[in-house]
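S.K.:
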Amino acid sequence: MSSLRRKKRRVFVFLSRGARRARASLYRHFFVNTDGYSAVLNWASLISLGLLFFALSSDSLGLLQPSHLLALFFGMTFLGLYVFVSFVEKVFAKHFIDFKSTQLFWLGVIAFLTFIAHGQAGDEVNAIFSQDASTFPYATTATAAMIMASWTLWPSVLVGAASFLYGVYSVFRSRWGMVLIALTVGLQLFTFSIFVEYQMGTEPVRKNNIYQIALAMDFNGHFRCEKAMLGKDSVAFIGLSQDSALVAPPVIVKQHNGKSIFRQVEVPKSFRRVSCT
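Numbering-wise (the numbering used here), the sequence shown opens with residue 305 and increments by one.
Right, here's the structure in full:
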């Protein structure tokens with residue numbers, strides 16, 4: 305019996321020492337700040353991947369409500385994009401920081417794309433309501449954001465694939481501090497791409513989303529307008545005088561997907577215009 309106990313003790317000591325060495329090695333490779341930034345990004349990557357694993361497990365087991373899963377998704381996506389932007393800043397931006405013309409160029413590109421997206425957003429809002437987009441400022445801004453997000457779909461896929469390849473390259477080069485960062489960036493960009501395609505990638509989906517955003521942000525439930533029923537209809541006032549408005553009827557839900565931010569609702573083909581006092 306004593307011999308058996310000694311053997312068990314030796315095995316326990318051996319495993320304990322092995323676990324301590326493995327833990328120390330992992331900490332040294334991933335969480336020691338050798339380059340001034342990788343440790344922070346690896347901690348953020350670890351938290352982001354933990355949120356992703358928890359969200360997938362909770363979804364499979366039905367542990368959380370859809371709204372809580374969406375909150376987890378936004379949290380892990382924010383952390384993943386933070387890791388990506390910080391990595392780009394530390395690795396690439398430092399080479400261009402002294403080139404003011406390069407900074408102005410990229411600011412100009414972003415401003416131009418924002419201008420184009422806002423113009424396209426105005427057209428999409430006008431196509432739904434047959435009214436100038438200035439009547440729906442929140443819906444127009446949200447539409448511009450959705451359009452710009454849809455433009456990032458394939459760039460996100462390509463950068464995510466490149467990130468995975470860089471992670472494999474880092475393994476062979478024994479650059480362990482970069483492996484977790486590359487894995488996180490790749491996974492989160494792929495997740496972001498799937499979200500963009502699912503929630504706002506096509507025009508019919510965006511049309512449905514635009515209408516619901518307008519109902520929530522630009523239409524009013526309190527009004528004094530003719531031929532509009534208080535408590536059922538909602539109105540969007542037109543112009544500064546607010547003496548006329550567009551009427552949106554009660555929402556008709558066609559399908560409610562618990563895993564989507566927006567419901568699938570019936571978008572009216574036309575909106576009545578009424579007088580208000």
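Each residue gets a CB set at the ideal place from its N, CA and C atoms; glycine is no exception.
Being a predicted model, the structure only gives us computed values, none of them experimental.
Whose C-beta lies closer than 6 Å to the C-beta of phenylalanine 388 among residues of the same chain, with five residues either side of it excluded?
M.R.: Hits under 6 Å: Val489.
S.K.: Please work out which residues of its chain come closer than 6 Å, Cβ to Cβ, to alanine 518, disregarding the five sequence neighbours upstream and downstream, and give them in chain order.
M.R.: Around alanine 518: Phe440, Ala443.
S.K.: Count Cβ pairs between the stretch 449-461 and the stretch 475-487 that sit closer than 8 Å; are there 3 or more?
M.R.: Segments in contact, no.
S.K.: State yes or no: is the C-beta of methionine 504 nearer than 7 Å to some heavy atom of the ligand MN?
M.R.: No copy of the ligand MN appears in this structure; indeed no ligand is present at all.
S.K.: Any idea what DSSP makes of phenylalanine 523, helix, strand or coil?
M.R.: Three-state result, phenylalanine 523: coil.
S.K.: Between methionine 305 and serine 361, what straight-line distance do the alpha-carbon atoms span, to the nearest angstrom?
M.R.: Any reading at methionine 305 is ruled out, since the residue's pLDDT is 49, under 50, leaving its predicted position unreliable.
S.K.: By DSSP, does alanine 415 sit in helix, in strand, or in coil?
M.R.: Three-state result, alanine 415: helix.
S.K.: Which ranges does the alpha helix (DSSP H) cover as unbroken runs of at least 4 residues, wholly within the stretch 450-494, from first to last along the chain?
M.R.: Taking only runs of at least 4 residues, the alpha helix (DSSP H) segments lying wholly in the stretch 450-494 are 457-476.
S.K.: Could you have a look at methionine 305 and say whether DSSP puts it in helix, strand or coil?
M.R.: Residue placement at methionine 305 is flagged as unreliable, the pLDDT there being 49, under the threshold of 50; a coordinate-derived value is accordingly withheld.
S.K.: In whole angstroms, give me the CA-to-CA distance for leucine 493 and serine 467.
M.R.: Their Cα atoms are separated by approximately 9 Å.
S.K.: To the nearest whole angstrom, what separates the beta carbons of phenylalanine 433 and leucine 550, a pair I think is in contact under 8 Å?
M.R.: About 6 Å separates the two Cβ atoms, so the contact holds.
S.K.: Quick one: what does DSSP say serine 545 is sitting in, helix, strand or coil?
M.R.: Serine 545 falls in the coil class under three-state DSSP.
S.K.: Across which residues does DSSP place serine 390 in a beta bridge pair?
M.R.: Per DSSP, none; premise fails for serine 390.
S.K.: How big is the Cα-Cα spacing for valine 463 and isoleucine 351?
M.R.: Distance between the alpha carbons of valine 463 and isoleucine 351 is about 21 Å.
S.K.: How far does the alpha helix (DSSP H) with valine 344 in it reach, from first residue to last?
M.R.: Its alpha helix (DSSP H) spans residues 342-365.
S.K.: Examine the Cβ distances between the stretch 506-524 and the stretch 535-543 and report whether three or more of them are shorter than 8 Å.
M.R.: Flag = yes, the stretch 506-524 and the stretch 535-543 touch.
S.K.: Excluding the 5 residues flanking leucine 345 on each side, which residues of the same chain have their C-beta closer than 7 Å to its C-beta?
M.R.: Cβ neighbours of leucine 345 beyond the five flanking positions: Val387, Ser390, Phe391, Ile485.
S.K.: Just list the residues that DSSP pairs arginine 576 with in beta bridges.
M.R.: Per DSSP, Val551.
S.K.: If contacts are defined as beta-carbon pairs under 8 Å, then arginine 510 and threonine 418 qualify, I think. What distance do you get, rounded to the angstrom?
M.R.: Rounded, the Cβ-Cβ distance is 17 Å, inconsistent with contact.
S.K.: Can the beta-carbon of valine 555 be found less than 8 Å from the beta-carbon of valine 569?
M.R.: Result yes, Cβ atoms of valine 555 and valine 569 sit closer than 8 Å.
S.K.: For methionine 380 versus leucine 408, is the C-beta spacing smaller than 8 Å?
M.R.: No, the pair does not count as a contact, with Cβ atoms beyond the cut-off.
S.K.: Checking contacts by CB at 8 Å: is leucine 484 closer than that to chain C?
M.R.: Chain labels in this structure do not include chain C; a single protein chain is all it has.
S.K.: Identify whether aspartate 427 lies in helix, strand or coil by the three-state DSSP scheme.
M.R.: In the structure shown, aspartate 427 sits in a helix (DSSP, three-state: H, G or I).
S.K.: Are leucine 376 and alanine 359 touching if we call contact CB-CB under 8 Å?
M.R.: Result yes, Cβ atoms of leucine 376 and alanine 359 sit closer than 8 Å.
S.K.: Is the distance from the Cβ of leucine 497 to the Cβ of leucine 457 below 8 Å?
M.R.: Looking at the sequence itself, residue 497 is serine, so the reference to leucine does not match. Yes. Within cutoff.
S.K.: Less than 8 Å between C-beta atoms, sequence neighbours within five positions excluded: which residues of the same chain meet that for serine 460?
M.R.: The residues are Leu493, Phe494, Phe496, Ser497, Val500.
S.K.: Rounded to the nearest angstrom, what separates glycine 543 and glutamine 435 at their Cα positions?
M.R.: Each residue's alpha carbon lies about 11 Å from the other.
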